[in-house]
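Peer 1: A single structure is presented below for examination.
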Amino acid sequence: MLLVKTRLDKSSIHGIGLFADQFIPKGTMVWRFEPGFDRLVPKREMEHLPGVAQDYLRTYASQEYEMYLIDGDNSRFTNHSDLPNLSTVGGLAPMIAACDIRAGEELTCNYLEFDAPSRAHEAEI
14 MLLVKTRLDK SSIHGIGLFA DQFIPKGTMV WRFEPGFDRL VPKREMEHLP
64 GVAQDYLRTY ASQEYEMYLI DGDNSRFTNH SDLPNLSTVG GLAPMIAACD
114 IRAGEELTCN YLEFDAPSRA HEAEI
């Protein structure tokens with residue numbers, strides 16, 4: 014669940030991105046897992062969903078330990094950066110502003126910090 018004001022816009026990184034709609038000081042919690050709002054889908058359940066739902070999860074959910082995490086808000090549009098302005102220690106850990114973020118700046122994270130398929134893809138390269 015996003016804890017700061019944001020908006021969607023065209024991204025120079027990839028497609029649509031998530032942008033700060035306010036100044037976010039370094040150290041601010043920007044996102045946290047909120048049960049009942051965000052959802053964890055076990056991999057064994059995902060495999061029984063219709064193909065379009067599986068494609069949606071593969072595109073927008075992060076995967077860790079046989080679970081898919083799907084955000085209940087626009088945080089799923091946060092794009093990857095090797096030099097992100099958000100950081101996390103992985104899994105369901107909160108996302109924290111790694112630096113001061115200006116209003117209008119795209120919010121980015123390093124997928125390798127929390128997404129198993131991204132780590133596996135990076136290892137292949």
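Under my numbering, think of the first position of the sequence shown as 14, with each following residue one higher.
Note that CB positions come from ideal geometry on N, CA and C, so glycine has one too.
Just so you know, these numbers come straight off a predicted model, no measurement behind them.
Are there 16 or more other CB atoms within 10 angstroms of the CB of Gln35, so buried, or fewer, so exposed?
Peer 2: What you label residue 35 is simply residue 22 of the sequence shown in a count that begins at 1. Gln35 should be labelled exposed.
Peer 1: What first and last residue would you give for the alpha helix (DSSP H) that runs through Tyr73?
Peer 2: The sequence position of residue 73 within the sequence shown is 60, counting from 1. Here the alpha helix (DSSP H) through Tyr73 covers Gly64 to Tyr73.
Peer 1: Between which two residues does the alpha helix (DSSP H) holding Arg52 run?
Peer 2: Position 39 of the sequence shown, counted from the start, is the residue given in the question as residue 52. Note, Arg52: premise wrong, no alpha helix (DSSP H); beta strand (DSSP E) at Arg52 to Pro55.
Peer 1: Using the Cβ count rule (16 or more neighbours within 10 Å means buried), how would you classify Leu70?
Peer 2: Sequence index remark: in the sequence shown, residue 70 carries index 57 (1-based). Label assigned to Leu70: buried.
Peer 1: How is the beta strand (DSSP E) around Val43 delimited, first residue to last?
Peer 2: Here the question's residue 43 lines up with position 30 in the sequence shown. Residues Met42 to Trp44.
Peer 1: With respect to the beta strand (DSSP E) encompassing Ala110, which residues constitute its N-terminal and C-terminal limits?
Peer 2: As a position in the sequence shown, residue 110 is number 97, starting the count at 1. First-last of the beta strand (DSSP E) with Ala110: Met108 to Ala110.
Peer 1: Rounded to the nearest angstrom, how far is the Cβ of Ala33 from that of Arg115, given a contact under 8 angstroms?
Peer 2: As a position in the sequence shown, residue 33 is number 20, starting the count at 1. As a position in the sequence shown, residue 115 is number 102, starting the count at 1. Right, their Cβ atoms sit about 7 angstroms apart.
Peer 1: Taking the Cβ atom as the reference point for each residue, do Trp44 and Leu82 lie within a distance shorter than 7 angstroms?
Peer 2: The count along the sequence shown starts at 1 and reaches residue 44 at position 31. The count along the sequence shown starts at 1 and reaches residue 82 at position 69. Contact flag unset, no.
Peer 1: On the three-state DSSP scale, how would you describe Phe32?
Peer 2: In the sequence shown, counting from the first residue as 1, residue 32 sits at position 19. In this structure, Phe32 counts as strand in the three-state DSSP scheme.
Peer 1: Find the nearest neighbour of Asn87 within the set Gly40, Phe50, Phe127 and Ile37, judged by alpha-carbon distance.
Peer 2: By one-based count along the sequence shown, residue 87 stands at place 74. The shortest Cα separation from Asn87 among Gly40, Phe50, Phe127 and Ile37 belongs to Phe50.
Peer 1: On a CA-only basis, which of Gly117, Asn98 and Tyr78 is nearest Val54? Give me that one, please.
Peer 2: Start at 1 with the first residue of the sequence shown, and residue 54 comes out as number 41. Cα-wise, what sits closest to Val54 is Tyr78.
Peer 1: How is Met59 classed by DSSP in three states: helix, strand or coil?
Peer 2: Residue numbering aside, residue 59 sits at position 46 when the sequence shown is read from its first letter. Reduced to three states, the DSSP call for Met59 is helix.
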